[in-house]
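Same order as they appear, the protein sequences are chains A and B. Sequential numbering from 1 applies to the first sequence in this note's numbering. Sequential numbering from 1001 applies to the second sequence in this note's numbering.
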Amino acid sequence: GAGVSQSPSNKVTEKGKDVELRCDPISGHTALYWYRQSLGQGLEFLIYFQGNSAPDKSGLPSDRFSAERTGGSVSTLTIQRTQQEDSAVYLCASSSRGDGRYYTQYFGPGTRLTVL
Amino acid sequence: SQQGEEDPQALSIQEGENATMNCSYKTSINNLQWYRQNSGRGLVHLILIRSNEREKHSGRLRVTLDTSKKSSSLLITASRAADTASYFCALANAGGTSYGKLTFGQGTILTVHP
Chain A
1 GAGVSQSPSN
11 KVTEKGKDVE
21 LRCDPISGHT
31 ALYWYRQSLG
41 QGLEFLIYFQ
51 GNSAPDKSGL
61 PSDRFSAERT
71 GGSVSTLTIQ
81 RTQQEDSAVY
91 LCASSSRGDG
101 RYYTQYFGPG
111 TRLTVL
Chain B
1001 SQQGEEDPQA
1011 LSIQEGENAT
1021 MNCSYKTSIN
1031 NLQWYRQNSG
1041 RGLVHLILIR
1051 SNEREKHSGR
1061 LRVTLDTSKK
1071 SSSLLITASR
1081 AADTASYFCA
1091 LANAGGTSYG
1101 KLTFGQGTIL
1111 TVHP
């Protein structure tokens, strides 16, 4: 079946502009995650949605970052007033509850954001 | 920090050799997972080991977990050039409400020479 998809695959923007990144999770997956990966770095957790529960926003680096998940499916990560340090690959993942609390996350190909 | 620390940062071997990567962490975990990443884009899940397990196998992969030492290792046997990638360990916290949230290590860059 279809995997996690993300769009756009690449985004170049100017400092100060707003950007929206989209994630389409695997159908039926109740959990959705956003991570970002800066050049040569590991993955940094941003936000986690699980069903109808309040999202875990503990990883969002500033109030310029926000995310929503509509209808329990598609998610949009919005970065307002982008800064050069926001340049990174933004990765989305989804998972299903499966065996109790043990999750395997399936990742999309990512969106490479470059802020000039 | 719950972040896993991986060792070595980079590993270069010849095809056919075994590759071992290690991950250490500081707090209690629910499970530990290993992921692979090619060319800095999407990650692929390799294997998950639960906190009450000590060893798991999947094809040429062998993962061990020692919760007393708070460490895990990933062994790739009979490596191939196609195994060249970055490998990350990811920790799922024990307790709390965000069971699915993962904390990733910095990764090990594996290069397998033909």
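Backbone N, C-alpha and C define an ideal beta-carbon position, used for all residues, glycine too. The structure displayed is predicted, hence computed values, not measured ones.
_Per the DSSP calculation, Asp56(A) is bridged to which residue(s)?_
Tyr48(A)
*Which residues, taken in chain order from the region 1028-1053 of chain B, show a beta carbon closer than 9 Å to some beta carbon of chain A?*
Here the close residues are Asn1030, Asn1031, Gln1033, Tyr1035, Gln1037, Gly1040, Arg1041, Gly1042, Leu1043, Val1044, His1045, Leu1048 and Arg1050.
*Do you know offhand how far Arg81(A)'s Cα is from Gly51(A)'s?*
29 Å
_Collapsed DSSP secondary structure at Ala1081(B) in the structure displayed_ = helix
*Using a beta-carbon distance below 8 Å, is Lys1101(B) in contact with chain A?*
yes
*Rank Tyr106(A), Phe49(A) and Asp56(A) by C-alpha distance to the C-alpha of Ala2(A) and give the top, closest one.*
Tyr106(A)
*Checking contacts by CB at 8 Å: is Pro109(A) closer than that to chain B?*
yes
*Can a CB atom of chain B be found closer than 8 Å to the CB of Leu60(A)?*
Not closer than 8 Å to any Cβ of chain B, the Cβ of Leu60(A) fails to qualify, so no.
*asked:* Please state the DSSP three-state secondary structure of Asp18(A).
replied: coil
*Which value, in whole angstroms, describes the spacing of the CA atoms of Gly59(A) and Leu21(A)?*
Roughly 17 Å between the two C-alpha positions.
*For Val12(A), I'd like the list of residues in its chain whose CB is within less than 6 Å of its CB, leaving aside the five on either flank, ordered along the chain.*
Thr114
_Suppose contacts are defined by Cβ-Cβ distances below 8 Å. Is Ser94(A) in contact with Ile26(A) by that definition?_
yes
*From this set, Ile1076(B), Glu1017(B), Ser1028(B) and Thr1111(B), which residue's C-alpha is nearest Trp1034(B)'s C-alpha?*
Ile1076(B)
*Would you list the one or two residues that DSSP bridges to Ala26(A)?*
Contrary to the premise, residue 26(A) reads as Ile rather than Ala in this sequence. None; Ile26(A) has no bridge partner.
_Which of the three DSSP states is assigned to Gln84(A) in this structure?_
helix
*For Thr114(A), go through chain B and note every residue whose CB falls closer than 8 Å to its CB, in chain order.*
Here the premise fails: no neighbours, minimum Cβ distance about 13 Å.
*Hey, Asp1083(B) and Val1112(B): beta-carbon distance below 8 Å or not?*
yes
_Validate contact between the region 1021-1028 of chain B and the region 1059-1073 of chain B using beta carbons, cut 8 Å, 3 pairs_ = yes
*Express the C-alpha separation of Asp56(A) and Tyr35(A) in angstroms, rounding to a whole number.*
C-alpha separation (whole angstroms): 12 Å.
*asked:* Please identify the residue among Ser62(A), Ala54(A) and Ile47(A) whose C-alpha is closest to the C-alpha of Thr1103(B).
replied: Ile47(A)
*Where Thr1010(B) and Leu1110(B) are concerned, what is the direct C-alpha to C-alpha distance, given to the nearest angstrom?*
Reading the sequence as shown, one finds Ala at residue 1010(B) and not Thr. Their Cα atoms are separated by approximately 6 Å.
_Please return the same chain residues whose Cβ sits closer than 6 Å to the Cβ of Ser1001(B), not counting the five positions on each side in sequence._
With a pLDDT of only 45 at Ser1001(B), under 50, the local geometry of the prediction cannot be trusted, and no value is derived from it.
*Taking 8 Å as the cut-off, decide whether the C-beta atoms of Leu1061(B) and Ile1047(B) are in contact.*
yes
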